[in-house]
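Line by line, the protein sequences are chains P and U.
Residue numbers for the first sequence, in this note's numbering: 559 to 1029.
Residue numbers for the second sequence, in this note's numbering: 11 to 76.
In this text, a Cβ means the ideal position worked out from N, Cα and C, and glycines have one as well.
Only one structure is covered here, and it is reproduced in the block below.
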Amino acid sequence: MTNPAELDLAGAVDAIRSRKISALELTEACLSRLESAQPLLNCAINIQREKAIRDAKAADAALAAGKPPGALHGVPLAHKDLLYRAGRVSTCGSKIRRDFVPDYTATVLERLDAAGALDVATLNMTEFAYSPTGHNVHYGDCRNPWSPQHIPGGSSSGSAAAVAAGLVYGALGSDTAGSIRLPAALCGVTGMKPTFGRVSRYGAMPVSFSLDAIGPLARNVRDCALMMEVIDGVDPNDPATLDGGVGSLTANLEAGVRGLRIGVPTTYFYESMTEEVRRLFSAVTDVFENIGAQVVEVAPPDLDEVAALANIILAVEAATIHSEWFHARAQDYSPLVRARIELGYHHPGTRYLEALNLRAHHLDRFGKAVFEKCDAMLAPLVPIPVPTLAETDIGGPSAIASTVPVLTRCGRPINYLGVPSLAIAAGFTANGLPFGVQLLGRPFAEALLFRIGRAYERECGWHLRRPPAYH
Amino acid sequence: MSELKPDTAKAWLREAQDLDISRERANEIVKLINPVADFARKAASAVRFDGEPANFILALRKWSAK
């Protein structure tokens, strides 16, 4: 008898195709786990039991009728509640959109639907994707499956928590300054922020038009790559999408890293880093050397400036997006989100345009310093052990300057540069919470990052650990 | 920097009255924006936008995986 909780996404796909388990059995198991975990984890906003059961029965019927199964046929997924589905409330984690029902569906959800995946719930997130912790005053704080006192990270908090606890087989999140990678690292799962333009944002509530990326979180590298293969590609509804992604993302997953040059940065990423995290990061570089990679030092330039420019773009674009609500319903934002959006109204237009125009220049400098010296760069992602909810309760504006930059420092510049970044599980700190790192590559080098990440996880097996309460 | 000094912040912040921002909050905003603005000024001063399109998409393609 196949145990649904022990399957990963790829295993669930195989089990359904080979009739070892039905989509209905898998879905009922996921719904049961979601519902029992919800009171403690609070990772979902809306569990759609009836729809999920109906869709699972339809998936089983299609298979029984001989219809060719899609790449993710019958597998239960759930996604961050800022991806629109026609006719379903999409709260975006906010009070303002508590009753918002879009009349169209996000391209990424349509592509997952076409691949046969099931969408069983909307997942908790920070308000308007605007905080790196997982706190949410409107729908309750999401919690880390490894310890309910600790943050899951944000803003894709529910996506990471649900995947880590084994409640669904994968989830989409969004990443404007680390919002996929950060919760993936803090919950011990895999998360991909794709190249700018690789995945459509159509039908996703934006934070920042220029920095937003939609990507998958899953239990391991292969599962992440499988989801990416379904969602990526040009979309006429998102004019920012590009046709740079070529070829399979899974074909070379097991090719290893022998002969590859892995860059390790000498600057920027180590500020605020604890000694414990420094040791763990060093151990990751040792693993790559041991499995045949050549580890080389690289010095990415100007990342403090890059982070500042990203800050300006994010602030101004978010302020623009929120302008109407901000003037009419300012009291309906939490103090933190209100204070952060407010900053965007106070940058001159010239500074914003300079920040946009400088992207090509900074990508060029980054490319020369990094991509001319290595195939991919391994970098820290979170400089401190996973903090508790109490330690990071950023209820007011005064905490913005201290808490947010520490958590987002390593992720933020990457969105400005537009390059892909894969977060992978890389161990545990002494408090028993996960530790993760990120792999950065050239634009559209997702396949290589998956290959490198797979080589690491095959060697170390951190991705196989499960939170004790969710075995 | 002069336009961002705390004592002139409220006058400078064009949106301040519209958003009902207090002088105390205006000063807070200035403190948060100043370091970012310093970096942005430094970054902008290193590049002259003249005669060459600063196209991020072209740069993405230039550095993309082959």
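Do you know offhand how far residue i's Cα is from residue j's?
i: VAL792 of chain P; j: THR878 of chain P; result: 26 angstroms
i: LEU667 of chain P; j: ALA595 of chain P; result: 24 angstroms
i: ARG71 of chain U; j: ARG51 of chain U; result: 27 angstroms
i: GLY1019 of chain P; j: PHE846 of chain P; result: 14 angstroms
i: VAL633 of chain P; j: VAL46 of chain U; result: 45 angstroms
i: TYR911 of chain P; j: ARG1016 of chain P; result: Per the sequence presented here, residue 911 of chain P reads as Leu, with Tyr not at that position. When rounded, the distance between both Cα atoms is 44 angstroms.
i: ALA69 of chain U; j: ALA918 of chain P; result: 5 angstroms
i: LYS931 of chain P; j: ARG780 of chain P; result: 27 angstroms
i: GLY907 of chain P; j: ALA53 of chain U; result: 16 angstroms
i: TYR1028 of chain P; j: ALA729 of chain P; result: 17 angstroms
i: ALA673 of chain P; j: GLY628 of chain P; result: 4 angstroms
i: ASP618 of chain P; j: PHE924 of chain P; result: 49 angstroms
i: LEU901 of chain P; j: GLY821 of chain P; result: 35 angstroms
i: LEU42 of chain U; j: VAL854 of chain P; result: 36 angstroms
i: GLU13 of chain U; j: CYS782 of chain P; result: The predicted position of GLU13 of chain U is uncertain, since its pLDDT is 44 and thus under 50; a value taken from the coordinates is nonetheless stated next. Straight-line Cα distance between these residues: approximately 48 angstroms.
i: VAL977 of chain P; j: HIS920 of chain P; result: 12 angstroms
i: ALA21 of chain U; j: ALA897 of chain P; result: For ALA21 of chain U, the predicted structure reports a pLDDT of 47, less than 50, and the residue's modelled location is therefore unreliable. The matter cannot be settled from this model.
i: THR649 of chain P; j: ASN848 of chain P; result: 47 angstroms
i: HIS905 of chain P; j: GLU863 of chain P; result: 16 angstroms
i: ASN44 of chain U; j: ALA75 of chain U; result: 37 angstroms
i: GLY651 of chain P; j: GLY850 of chain P; result: 44 angstroms
i: GLU586 of chain P; j: LYS615 of chain P; result: 11 angstroms
i: MET11 of chain U; j: PHE827 of chain P; result: Residue confidence for MET11 of chain U is low, a pLDDT of 37 falling below 50, so the modelled location carries little weight and cannot support an answer.
i: PRO1025 of chain P; j: ALA622 of chain P; result: 36 angstroms
i: VAL747 of chain P; j: LEU584 of chain P; result: 21 angstroms
i: ARG1023 of chain P; j: LEU775 of chain P; result: 16 angstroms
i: TYR662 of chain P; j: ASP860 of chain P; result: 41 angstroms
i: THR961 of chain P; j: LEU894 of chain P; result: 11 angstroms
i: ASN561 of chain P; j: TYR891 of chain P; result: 43 angstroms
i: ALA1013 of chain P; j: SER732 of chain P; result: 25 angstroms
i: PHE49 of chain U; j: LEU939 of chain P; result: 22 angstroms
i: GLU875 of chain P; j: PHE686 of chain P; result: 13 angstroms
i: LEU784 of chain P; j: GLY1011 of chain P; result: 14 angstroms
i: LYS609 of chain P; j: MET786 of chain P; result: 24 angstroms
i: SER768 of chain P; j: GLY624 of chain P; result: 44 angstroms
i: THR684 of chain P; j: LEU947 of chain P; result: 13 angstroms
Along chain P, in chain order, which residues have C-beta atoms closer than 7 angstroms to that of residue i?
i: ASN65 of chain U; result: ALA918
Which bits of chain U does residue i rub up against, with CB to CB less than 8 angstroms?
i: LEU867 of chain P; result: PHE49, ALA50 and ALA53
i: GLY724 of chain P; result: What GLY724 of chain P touches in chain U: nothing, since even the nearest Cβ is about 33 angstroms away.
Given that residue i touches chain U, what residues does it touch there, using C-beta distances under 7 angstroms?
i: ALA1003 of chain P; result: ALA75
i: ILE870 of chain P; result: VAL46 and ALA50
i: LEU1006 of chain P; result: ALA75
i: ALA762 of chain P; result: Here the premise fails: no neighbours, minimum Cβ distance about 20 angstroms.
i: ALA876 of chain P; result: What ALA876 of chain P touches in chain U: nothing, since even the nearest Cβ is about 14 angstroms away.
i: GLY692 of chain P; result: In chain order: nothing, as chain U lies at least about 23 angstroms away.
Assuming residue i and residue j make a contact with CB atoms under 8 angstroms, what is their CB distance in whole Å?
i: VAL542 of chain P; j: LEU630 of chain P; result: Lying before the first or after the last residue shown, residue 542 of chain P is absent from chain P, which here runs from 559 to 1029.
i: VAL678 of chain P; j: ALA636 of chain P; result: 5 angstroms
i: LEU681 of chain P; j: ALA664 of chain P; result: In fact, because the Cβ distance is near 14 angstroms, the residues do not count as touching under 8 angstroms.
i: PRO690 of chain P; j: GLY736 of chain P; result: 6 angstroms
i: ALA563 of chain P; j: ARG591 of chain P; result: 7 angstroms
i: THR825 of chain P; j: PRO858 of chain P; result: 7 angstroms
i: VAL944 of chain P; j: LEU980 of chain P; result: That pair is no contact at about 19 angstroms.
i: ILE942 of chain P; j: SER840 of chain P; result: The pair is not a contact, with the Cβ atoms about 16 angstroms apart (cut-off 8 angstroms).
i: CYS968 of chain P; j: ALA937 of chain P; result: 6 angstroms
i: VAL765 of chain P; j: TYR697 of chain P; result: With a Cβ gap of about 18 angstroms, VAL765 of chain P and TYR697 of chain P do not count as contacting.
Given that residue i touches chain U, what residues does it touch there, using C-beta distances under 9 angstroms?
i: GLY999 of chain P; result: ALA75
i: GLY755 of chain P; result: ILE67 and LEU70
i: ALA913 of chain P; result: ALA50, ALA53 and ALA54
Query raised in the report: Taking three-plus beta-carbon pairs below 8 angstroms as touching, is the stretch 34-48 of chain U in contact with the stretch 880-894 of chain P?
Result: Counting Cβ pairs under 8 angstroms, fewer than three are found: no touch.
**Report entry** Against chain U: residues of the stretch 848-863 of chain P by CB proximity under 9 angstroms
**Finding:** From the stretch 848-863 of chain P, only ASP860, ASP862 and GLU863 have a Cβ closer than 9 angstroms to chain U.
Query raised in the report: Quick one: any contact between the stretch 654-661 of chain P and the stretch 575-591 of chain P, if contact means 3 or more CB pairs under 8 angstroms?
Result: Flag = no, the stretch 654-661 of chain P and the stretch 575-591 of chain P do not touch.
Query raised in the report: How about the stretch 861-869 of chain P and the stretch 967-987 of chain P: do they share at least three Cβ pairs that are nearer than 8 angstroms?
Result: Three or more Cβ pairs drawn from the stretch 861-869 of chain P and the stretch 967-987 of chain P lie within less than 8 angstroms of each other, which places the two stretches in contact.
Query - Contacting positions in the stretch 900-911 of chain P - beta carbon closer than 8 angstroms to chain U - result: Result list: GLU900, LEU901, TYR903, HIS904, HIS905 and ARG909.
Query raised in the report: Below 8 angstroms, can you find three or more Cβ-Cβ pairs linking the stretch 797-815 of chain P to the stretch 738-746 of chain P?
Result: A contact between stretches requires three or more CB pairs, one per stretch, nearer than 8 angstroms, and the stretch 797-815 of chain P fails this requirement with the stretch 738-746 of chain P.
Query raised in the report: Taking contact to mean at least 3 C-beta pairs separated by less than 8 angstroms, is the stretch 980-992 of chain P in contact with the stretch 695-708 of chain P?
Result: When C-beta atoms of the stretch 980-992 of chain P are compared with those of the stretch 695-708 of chain P, three or more pairs fall below 8 angstroms, so the two segments count as touching.
Query raised in the report: Per the contact definition of three or more C-beta pairs closer than 8 angstroms, is the stretch 752-759 of chain P in contact with the stretch 809-822 of chain P?
Result: As far as the Cβ criterion goes, the stretch 809-822 of chain P does not touch the stretch 752-759 of chain P, which means the pair count is below three.
Report task. Say whether the stretch 988-1004 of chain P touches the stretch 933-945 of chain P, bearing in mind that this needs 3 or more beta-carbon pairs closer than 8 angstroms, one atom from each stretch. Result -> Below 8 angstroms, enough C-beta pairs join the stretch 988-1004 of chain P and the stretch 933-945 of chain P to call them touching: three or more.
Query raised in the report: In chain order, what residues of the stretch 921-949 of chain P put their CB closer than 7 angstroms to some CB of chain U?
Result: Listed by position along the chain: LEU921, ASP922, GLY925 and PHE929.
Requested in this report: May I ask you to list, following chain order, the residues of the stretch 776-803 of chain P that have a beta carbon less than 8 angstroms from some beta carbon of chain U?
Outcome: Listed in sequence order: LEU800 and GLY802.
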